[in-house]
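Note sheet for the following structure.
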Amino acid sequence: MNTAMKIFNLPDLGEGLPDAEIVRWLVAEGDIVTLDQPMVEMETAKAVVEVPSPFSGKITKLCGQAGDVIDVGAVLVEFDGDESISDDNSSDEKAPATKAVAEQPTSANSNQSSVESVSDIFNLPDLGEGLPDAEIVRWLVAEGDTLSLDQPMVEMETAKAVVEVPSPFAATVIKLHGQAGDVIDVGSSLVSFGSSSAAMVAPSVTPDEETKPAQKPADAATVVGAVQVGNKLVTESVNAVTKALARKLKVDLSLVTGTGKNGVVTQADIKQAKKDGKLIGSKTNQTKVATAPKANLNADENPLDFKASPAVRAHAHRLGVLLSSCNPSGKKDSITKEDVELAGKGSAPIAKAATSRSSLPSVQVSVEPQTVRGVRRAMAVGMANAHATIVPTTLVEDADITSWPKQDSLARYVRALVFASKIEPALNCWFDGERFERLVHPNVHVGIAIDSPDGLYVPVVHDADSKNAPQVRARVQELRQKIETKSLKQEDQQGATITLSNFGSIAGRYGTPVVSPPQVAILGTGRFRNELKLTDKGIENRKMLPLSLTFDHRACTGGEAARFLAAIIEDLQKAV
Amino acid sequence: MAAITLIEAVNMAIAHEMEADKEVVVFGEDVGINGGVFRATDGLQEKFGKERVIDTPLAEAMIAGVAIGMAAQGMKPVAEIQFMGFIFPAADHIISHCARMRNRTRGRLTLPMVIRAPFGGGIHAPENHSESTEAIFAHIPGLKVVMPSNPSRAYGLMLAAIRDPDPVIFLEPKRVYRIEKHEIEDNGEEYPIGMCFVDREGTDITLISWGAMLHETKQAAEKLAAEGISAEVIDVATVSPLDIDTILESVEKTGRVCIVQEAPKAGALGSEIAAEIAEKKIMSLLAPIGRVSGYDTVIPYYRLEKQFLPKVEHIIDEAKRIVEYR
């Protein structure tokens, strides 16, 4: 030990804990460290703390290794301190400090190690919140006093508060470093002690010999209460889980190919897609299929198409103003109360046409308005979407069906659609107007519009091209039955490539049926009639079937549509 | 593949993880020799030994404290609190230490621990056995609070909870412990924590629930469908952190919300969900948010228990009121 040597004792790392364990050294013996450079990670009973160097200098000895428990006040690091920046000159007092406690072999849970040192130096600990220094307000003890553990020694004022600093030892004070008004840096010497002894010795506990387990009784189940027991086997909703995971990992589900049974997307598929970068927003030109319509449904407007607070909606309802007639002036295109009032005064085009019940508040009605939901609502949404996207063109013509034997006309119409689709496939097609893609279907799946009290259903006769007339009839019968019993399934209504609307079974000669995207065509068959026709044989009574073919002119040419209609007529005019 | 109940799924997940990771240990009152009062840990001590499946004294504070100590040292404790009503002696450890350790140590120490507790009423249990106090823990930052509603979710979420680097409070709806079975392959596939599951898609109203009440909620949705009301059903599953985005997206679609919970209404998790919706999606709301809850009373002794728990008809009535609101 030379006179230039400096010793750094473990300060209280906060809250007066008696010791701390070395987690790992951040420096090695022989290292030159600068002031405040972290030297070691110490773990107290409360937290892991980095202990900074109080000096600039060369480290000559690290007292202890990872896992050792060091008592507060015991030597932690020895320095060759000739480059001291610290303004304290207390190294002389520190010099005689003994080799410390940390040297002794450490048993895992020894906080009972007694401090046998002749002299200990108590450095100013961080008094909280990492402030760099504190000012001595007044000493509460004098040199030569014998203190007990935790006895208040001094009042220190930090930038934040006045704090009493307790004694870390039961020991005699040899020297007080500084006087009232002096500013002491954290980590600098505050008090030197004479002989001290550790305050507390934890009673040691020897583990009892293992207690023998009790004999397990035959019925050990002490179930509290009565849990309802069921044997019903339920299937987990796999989709719900994969969708949740996709959302968590921000994976775009539309880009994921399922590898599970029947092509089901698994959690593993989602994780793979994440690795492959199939993330939401990764694909440009994202297309949304069949989203809610932006079109104005007038009285049947979809309220979710408009942003308005419940109060504004109620106000609009009271004034009989349609949200669609308001000019949104609020944040993010929301409708404000003022917008509603403006619309109510007629400054904005309010739907004055007599069709709208809510725009005629003066009419007294005794019935409540009905909410449109379920199938009827799906129709409203679907039709508005069709109207907003399709460019419809309708061709009308009659087919001469005089030669028909008595038979179910619906099966003939389906057959004619199949026949025409073979001759002119452009109408048995799906069209994506955003991506400009069309899908020409090799098979013909005919959607059949069926009217019901609930609303419009369009169930599908799949693979009509490989079905004969009895099979078609059987399928249509099955679909009607399902509608009646409300057991129509999702798959019964999906996948149509072309649609048939047989409105003539009720009334109507020609019509303008609405194409349902992504399909491009729909055939309407009107009510047939007898007509006097001039033929080779003179004037004859012929049975005429009126046809209306609407097609999406974005996807088909007029020529294609006309050829398709001609093929339909050709097939329909066959006797059988 | 075995067809198993929710409680058996809990057991299977713990056994799977004990097999896979020797750091996983189980302890609590009666979990060892007895196998748990609901059989959650049945057979585990025989299989994994007394050093890894440990019977503790009746001292919940100690159970939580030991779990924290073990987890801090790198073990993965799965501690059982026999009933959630008994968790409060352990609350100081859980709230003041368990939840804060990552923050306290600036990320140096995390606590990969699970505290399991059966919660909720409906099993004719005595006092302090039937509460739904999930909101207390959901309120504490640093805790994840997971509440599976069916066997598959119990299995997948328990695996995720044990593997999670941070503490998870795993609350098991004991009323539906054995009410139905799922075929579950013991393949170790976890479910995502922190996400809602959309169990039924719909357009007219969003029904939000979790835990045992999801069963009544699903039944209500089915009956509403028969009346032409299309209800979306969301299983919140993780009540903290709350996957509010899934909920908000649904609200945007339906404009109408009904929250179904077993807990008393005041200050419950449903209040937080309602507040989030009001804050972020009020412009999409077509009707005031509705809640079907337990009553703001102490849950009664079992003779009146059924009167306390929300029923399918309550959910249907409230949903209709909301859908018909103008």
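Keeping their order, the protein sequence lines are chains A and B. 117 is the number of the first residue of the first sequence in my numbering; add one for each residue after it. 853 is the number of the first residue of the second sequence in my numbering; add one for each residue after it. A virtual CB, placed ideally from N, CA and C, is assigned to each residue, including glycine. Remember, it's a predicted structure, so these values are computed and weren't measured experimentally.
(Q) By the three-class DSSP mapping on this structure, what secondary structure does A/H578 have? (A) coil
Q: Just tell me which of B/R1052, B/E1074, B/E1079 has its CA closest to the CA of A/E352.
A: B/R1052
Q: Pull up the CB-CB distance for A/D608 and A/P586, whole angstroms please, since I reckon it's below 8 Å.
A: With 8 Å as the limit, A/D608 and A/P586 do not qualify as a contact, their Cβ atoms being about 19 Å apart.
**Q.** B/Y1029 at chain A interface by Cβ criterion, 9 Å
**A.** yes
**Q.** Same chain, Cβ closer than 8 Å to A/K291, neighbours up to 5 away in sequence not counted
**A.** E209, E259, V307, S308
**Q.** Among A/L648, A/E137, A/K177, A/E159, the one whose alpha carbon lies nearest that of A/V143
**A.** Comparing Cα-Cα distances from A/V143 to each of A/L648, A/E137, A/K177, A/E159, the minimum goes to A/K177.
Q. Which residues in chain A sit within 9 Å of B/P1140, going by Cβ to Cβ distance?
A. P426
Q | Continuous beta strand (DSSP E) assignments of at least 3 residues falling wholly in the segment 249–323 of chain A | A | 249–255, 268–273, 278–282, 286–292, 299–301, 305–313
Q) Listed from N- to C-terminal order along the chain, which residues in the segment 651–671 of chain A have their beta-carbon within a distance smaller than 8 Å of any beta-carbon of chain B? A) none
Q) Closest Cβ-Cβ distance between A/P419 and chain B: below 9 Å? A) yes
Q) Helix or strand or just coil, what does DSSP make of B/P941? A) helix
Q.
Quick check: B/A965 and B/V1091, are their CB atoms within less than 9 Å of each other?
A. Residue 965 of chain B is actually Met in this sequence, not Ala. Against a cut-off of 9 Å, the Cβ pair of B/V1091 and B/M965 comes out as no contact.
Q | Integer Cβ distance of B/Y1043 from B/A1078, believed to fall under 8 Å | A | With a Cβ gap of about 31 Å, B/Y1043 and B/A1078 do not count as contacting.
Q. Mind checking if A/P485 is an interface residue toward chain B, Cβ cutoff 9 Å exclusive?
A. Answer yes: the Cβ-Cβ gap between A/P485 and chain B drops below 9 Å somewhere.
**Q.** Beta-bridge partners of B/K1033, as assigned by DSSP
**A.** A/L349
Q: Give, in chain order, every unbroken run of the alpha helix (DSSP H) that is at least 4 residues long and sits entirely within the segment 544–625 of chain A.
A: 585–600
Q. Going by DSSP, which residues form a beta bridge with A/F124?
A. A/V193
Q. Using a Cβ cut-off of 7 Å, which residues of the segment 353–366 of chain A contact any Cβ in chain B, in chain order?
A. Of all residues in the segment 353–366 of chain A, the ones placed with a Cβ closer than 7 Å to any Cβ belonging to chain B are S353, A356, V357, K359, A360, L361, R363, K364, in chain order.
Q. Should B/Y1029 be labelled buried (16 or more other beta-carbon atoms within 10 Å of its own) or exposed?
A. buried
Q. Which residues does DSSP pair with A/S450 in a beta bridge?
A. A/K423
Q.
Under 9 Å, CB to CB, which of the residues in the segment 1128–1157 of chain B have a partner in chain A?
A. I1134, M1135, S1136, L1137, L1138, A1139, P1140, Y1154
Q: Examine the Cβ distances between the segment 642–649 of chain A and the segment 587–605 of chain A and report whether three or more of them are shorter than 8 Å.
A: no
Q. Whose Cβ in chain A lies nearer than 7 Å to the Cβ of B/C1048?
A. A360
Q: Anything in chain A within Cβ reach of B/P1019, meaning under 7 Å, just list it in chain order.
A: Going along chain A, no residue has its Cβ under 7 Å from B/P1019, so there is no contact; the nearest lies around 17 Å.
Q. What does A/Q388 touch in chain B if you count any residue whose Cβ is under 8 Å from its own?
A. Neighbours of A/Q388 on chain B: none; closest Cβ ~14 Å, over 8 Å.
Q. Residues in the segment 509–537 of chain A with C-beta within 7 Å of chain B's C-beta atoms, listed in sequence order?
A. Taking 7 Å as the Cβ-Cβ cut-off against chain B, none of the residues of the segment 509–537 of chain A qualify.
Q: Could you spell out where the alpha helix (DSSP H) holding B/M1010 opens and where it closes?
A: 1003–1015
Q: Pull out every residue of the segment 170–193 of chain A whose Cβ sits closer than 9 Å to any Cβ of chain B, in chain order.
A: none
Q: Below 8 Å CB to CB, which residues in the same chain sit around A/A250 once its five sequence neighbours on both sides are set aside?
A: L240, L243, M272, E273, T274, V279, V299, I300, V302
Q. Would you say A/K605 faces chain B, with C-beta separation under 9 Å as the test?
A. no
Q: Could you give the DSSP three-state label for B/D894: helix, strand or coil?
A: coil
**Q.** Beta-carbon proximity of B/T1069 to B/V1103, cut-off 9 Å
**A.** no
Q.
Going by the DSSP bridge assignment, what does A/Q635 pair with across the sheet?
A. A/W546
Q) B/P1044 touches chain A at which residues, Cβ-Cβ below 7 Å? A) A360, L361, K364
Q: Run the CB neighbour count on B/N955, radius 10 Å, all protein chains shown included, and call it buried at 16 or more, exposed below.
A: exposed
Q. Going by alpha carbons, who is nearest to B/D1148 out of B/L1161, B/Y1154, B/P1140?
A. B/L1161
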